[in-house]
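Structure record follows, encoded as structure tokens.
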Amino acid sequence: MTSILDLPHDAAVDPDEYLRAALRWHFSPATGSPFWLERAPALGFDPIADIAGFDDLARFPNLANDLRAARVEDLIPRGYGPHPDVVGVFDSGGTTGAPKRVVLLRDWLQRLLAWSSAQLDRHGVPQGVNWLSAVPSGPHMVGPVIAHQTALRGGLTFAVDLDPRWVKRLVAEGNATEAAAYGEHIVDQIGHVLHSQDVGVLMITPPVLERLARREELVKLVNDKVRAINWVGTQMDPDTRHLYRTEIFPGIALYSGYGSTMILGNASERPGLTDDDPCVYDPFSPHMSFHVVDPETSQPVPYGERGQVVMHHVSKSLFLPNNLERDTAVRVPGPDGQIGDSVADVAPVATFDNEAVIEGVY
């Protein structure tokens, strides 16, 4: 019999039953990870016996900062055996302090890609075309995952690497001229690919897309070749989205995701939004869930109000609850059956872990 943790991504599951199965997996000595088994005695409760449903995740401490120094092998559940199928080890952005690290396992990647591909279909993003991906690669998760996504959907990936840490350092040191030059360097590389290759989807960050939109030659190439623009990273306001859709890139599908390495993936823009609507993101529930809270009290803010985003990841490969993210958002009711909140108008906090948050190019 297939475990509830291994069911297809679109299978209907009871979310609390799913959570309890995940906790049995992660906190049983034979299957759990050393990371959680070592910390379980200090929790003050029994995760297997005392956690009944998703509302009880608030009892867990936020241990995301422990991932800055944790031995990555200790994050892999023992139930995967001596030779787990590891796709890669990936860092958080390192915006505030040393980066956190997670391990991406093959079974979660396949589940994430199946769900994400279905979301792309809902937004009219074509299959069987090549992607030009101008996003972070290297230690970051987004670039490598998109290469797998493109292959699944029948295309090839052209990559333009983007180093957000370097740009944030330049900005922090007041080197605005060098930071701008780096942005133009990225756009130059995008131009080389657009001139010479067949590109159906452009994946890009809003600051780089803004620079590209200033170059008439590249705007024409995008309109001639590209059928969808998938933007990720920093926020884009409704007026800018409307301008891109109606005047600069008319007829091109404009779609976005809101991701975090700490949830091993991204939430998807809600289909059917008008140009007047804020960009609303619905997570891959119950594997990923959001709560929008008052950071002083940890209590949910009213719907329609802004608060700080708390993320939970619950899957066979990783359990990471109560991660207070460096983003604020407006709390929005989720679709029927979704665990937790949806989020809109995502924006960075000014400071996080006592350090200034700098967006740069991502």
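Heads up: the sequence shown begins at 1 in the UniProt record's numbering, then just goes up one per residue.
For every residue, glycine included, the Cβ atom is placed at its ideal position computed from N, Cα and C.
Just checking my contact of residue i with residue j at CB under 8 Å: how many whole Å lie between their CB atoms?
i, j, result
"residue 253", "residue 123", "6 Å"
"residue 19", "residue 286", "7 Å"
"residue 346", "residue 308", "About 11 Å separates the two Cβ atoms, so there is no contact after all."
"residue 99", "residue 25", "About 27 Å separates the two Cβ atoms, so there is no contact after all."
"residue 102", "residue 261", "6 Å"
"residue 42", "residue 319", "With 8 Å as the limit, residue 42 and residue 319 do not qualify as a contact, their Cβ atoms being about 16 Å apart."
"residue 284", "residue 340", "Their Cβ separation, rounded to whole angstroms, is 11 Å, which puts residue 284 and residue 340 out of contact at 8 Å."
"residue 16", "residue 52", "7 Å"
"residue 97", "residue 127", "With a Cβ gap of about 40 Å, residue 97 and residue 127 do not count as contacting."
Whole angstroms is fine: what's the gap from residue i's alpha carbon to residue j's?
i, j, result
"residue 219", "residue 105", "38 Å"
"residue 225", "residue 296", "48 Å"
"residue 36", "residue 232", "31 Å"
"residue 199", "residue 158", "8 Å"
"residue 9", "residue 30", "25 Å"
"residue 182", "residue 190", "13 Å"
"residue 272", "residue 180", "35 Å"
"residue 55", "residue 214", "47 Å"
"residue 239", "residue 248", "12 Å"
"residue 364", "residue 223", "Absent from the model: residue 364. The displayed extent of the chain is 1 to 362, so no value can be given."
"residue 197", "residue 110", "28 Å"
"residue 148", "residue 141", "11 Å"
"residue 322", "residue 66", "13 Å"
"residue 165", "residue 256", "22 Å"
"residue 119", "residue 313", "19 Å"
"residue 237", "residue 317", "35 Å"
"residue 278", "residue 337", "22 Å"
"residue 234", "residue 282", "17 Å"
"residue 116", "residue 268", "8 Å"
"residue 184", "residue 244", "19 Å"
"residue 45", "residue 57", "12 Å"
"residue 33", "residue 40", "11 Å"
Within 10 angstroms of its Cβ, does residue i collect 16 or more other Cβ (buried), or is it exposed?
i, result
"residue 75", "buried"
"residue 93", "buried"
"residue 230", "buried"
"residue 62", "exposed"
"residue 246", "exposed"
"residue 143", "buried"
"residue 47", "buried"
"residue 88", "exposed"
"residue 139", "buried"
"residue 205", "buried"
"residue 27", "buried"
For residue i, which three-state DSSP category applies?
i, result
"residue 130", "coil"
"residue 297", "coil"
"residue 44", "coil"
"residue 303", "coil"
"residue 183", "helix"
"residue 265", "strand"
"residue 365", "This structure does not reach residue 365, given that the chain is present from 1 up to 362, and the question cannot be answered."
"residue 257", "strand"
"residue 26", "helix"
"residue 104", "strand"
"residue 16", "helix"
"residue 313", "strand"
"residue 245", "helix"
"residue 221", "helix"
"residue 88", "strand"
"residue 189", "helix"
"residue 349", "coil"
"residue 136", "coil"
"residue 291", "strand"
"residue 325", "strand"
"residue 341", "strand"
Between residue i and chain D, is there a C-beta pair that is closer than 7 Å?
i, result
"residue 329", "You won't find chain D in this structure, because it holds only one protein chain."
Using 8 Å as the cut-off, can you tell me whether the stretch 115–134 makes contact with the stretch 80–91, which would need three or more C-beta pairs spanning the two stretches below that distance?
Too few Cβ pairs lie closer than 8 Å, so no.
The stretch 323–335 touching the stretch 303–311, judged by at least three CB pairs closer than 8 Å:
yes
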